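One structure is given here, and the rest of the page talks about it.
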Amino acid sequence: MGLSDYIGRYWVGAEAIYAVILAMTFTSVLRTYIATSDASHFPLVYSALFCCIAWGIADGSFYVWERKYNLRMENDIIDMCRSKREKDAAISLIGEQLGNTILSNIAADKRQKLYSGLVLHLAAAGRKEAVSAGDILNIILGTTLVSTVAGLTIILPFFLIEDMYFALTISNWLGISLLFVIGYYRTYEKDFFERLRSGFITAVIGMMIAAITVMLGG
Numbered sequence: 539m540g541l542s543d544y545i546g547r548y549w550v551g552a553e554a555i556y557a558v559i560l561a562m563t564f565t566s567v568l569r570t571y572i573a574t575s576d577a578s579h580f581p582l583v584y585s586a587l588f589c590c591i592a593w594g595i596a597d598g599s600f601y602v603w604e605r606k607y608n609l610r611m612e613n614d615i616i617d618m619c620r621s622k623r624e625k626d627a628a629i630s631l632i633g634e635q636l637g638n639t640i641l642s643n644i645a646a647d648k649r650q651k652l653y654s655g656l657v658l659h660l661a662a663a664g665r666k667e668a669v670s671a672g673d674i675l676n677i678i679l680g681t682t683l684v685s686t687v688a689g690l691t692i693i694l695p696f697f698l699i700e701d702m703y704f705a706l707t708i709s710n711w712l713g714i715s716l717l718f719v720i721g722y723y724r725t726y727e728k729d730f731f732e733r734l735r736s737g738f739i740t741a742v743i744g745m746m747i748a749a750i751t752v753m754l755g756g
């Protein structure tokens, strides 16, 4: 299974976006850092990469915890649906899980009827298996790989180009381009211009967040 099968395409894109912004907050301070110091800029560049790796590991661990929590709750709901005494509690939990989805557009009384119907189907469903060691490994390695590759894209110019200022310019353009590409492919829209719009907005928001973070001393 791919990472998107576990956490969804939207959040895979978010992982890459976070890593790009994180790396750019490091590299964006290099202009001032080099101007006021004779020290090498590579320690800061390495720090950007290591933070991206750490972010991927931490976020992957969170997704594992969330998946375990959701599976445990789903199994509890299935057990409640099978119990005549706990069907009302099951309907309440189903409502909590589905209340903030597209079903919120349906009238409340019709939603309740839908939830009651789901109880019958869930009562006949089997319990889900616990998160396996393979799933845990796939999720954590997946988020780490996405974050690391995104971070490497931003810092790579500093290893290939001797002039730090030119490398920073290329790095920034790579970051902007990567944000645009992620936004373009991340959206559910099929229309070409809507995808362009999504890519443009993602790039602008990403740059704004990176700029604000640097201004605040992050």
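Count along the sequence shown from 1, add 538, and you get the number used in our numbering. Every residue gets a Cβ at the ideal spot worked out from N, C-alpha and C, and that includes glycine. Keep in mind it's a predicted model, so treat the numbers as computed, not measured.
Residue closest to residue i, alpha-carbon to alpha-carbon, out of the options
i: residue 624; options: 654, 609 and 649; result: 654
i: residue 580; options: 674, 705 and 631; result: 705
i: residue 668; options: 701, 729, 614 and 734; result: 614
i: residue 739; options: 721, 686, 677 and 696; result: 721
i: residue 610; options: 666, 634 and 540; result: 666
i: residue 595; options: 645, 657, 707 and 676; result: 676
i: residue 568; options: 692, 748, 703 and 746; result: 703
i: residue 561; options: 659, 671 and 692; result: 692
i: residue 621; options: 637, 670, 643 and 661; result: 661
i: residue 616; options: 671, 647, 658 and 578; result: 658
i: residue 578; options: 700, 750, 735 and 746; result: 700
Cβ neighbours of residue i in the same chain (closer than 8 Å, five flanking residues each side left out)
i: residue 627; result: 618
i: residue 719; result: 737
i: residue 540; result: 680
i: residue 652; result: 641 and 644
Residue i versus residue j: straight-line alpha-carbon distance, rounded
i: residue 563; j: residue 715; result: 16 Å
i: residue 698; j: residue 590; result: 20 Å
i: residue 650; j: residue 641; result: 11 Å
i: residue 710; j: residue 726; result: 27 Å
i: residue 630; j: residue 612; result: 13 Å
i: residue 565; j: residue 713; result: 11 Å
i: residue 549; j: residue 583; result: 26 Å
i: residue 728; j: residue 748; result: 29 Å
i: residue 756; j: residue 664; result: Residue confidence is low: residue 756 scores 48 on pLDDT, short of 50, so the model does not pin down where it sits. Its coordinate-derived value is still stated next. Approximately 48 Å between the Cα atoms of the pair.
i: residue 678; j: residue 685; result: 11 Å
i: residue 656; j: residue 588; result: 46 Å
i: residue 639; j: residue 603; result: 22 Å
i: residue 608; j: residue 730; result: 35 Å
i: residue 606; j: residue 672; result: 13 Å
i: residue 544; j: residue 648; result: 31 Å
i: residue 643; j: residue 599; result: 33 Å
i: residue 601; j: residue 687; result: 19 Å
i: residue 746; j: residue 735; result: 16 Å
i: residue 634; j: residue 674; result: 26 Å
7 Å CB neighbourhood of residue i in its chain, flanking five on each side removed
i: residue 597; result: 553 and 681
i: residue 744; result: 555, 558, 559 and 717
i: residue 733; result: 722, 725 and 727
6 Å Cβ shell around residue i - same chain, five flanking residues per side excluded
i: residue 724; result: 551
i: residue 695; result: 705, 708 and 709
i: residue 683; result: none
i: residue 741; result: 714, 717 and 718
i: residue 636; result: none
Burial state of residue i (16 or more Cβ within 10 Å)
i: residue 542; result: exposed
i: residue 558; result: buried
i: residue 593; result: buried
i: residue 556; result: buried
i: residue 546; result: exposed
i: residue 632; result: buried
i: residue 689; result: buried
i: residue 586; result: buried
Any non-hydrogen atom of the ligand ADP closer than 6 Å to residue i Cβ
i: residue 602; result: Questions concerning the ligand ADP fall outside what the structure shown contains, since it holds no ligand whatsoever.
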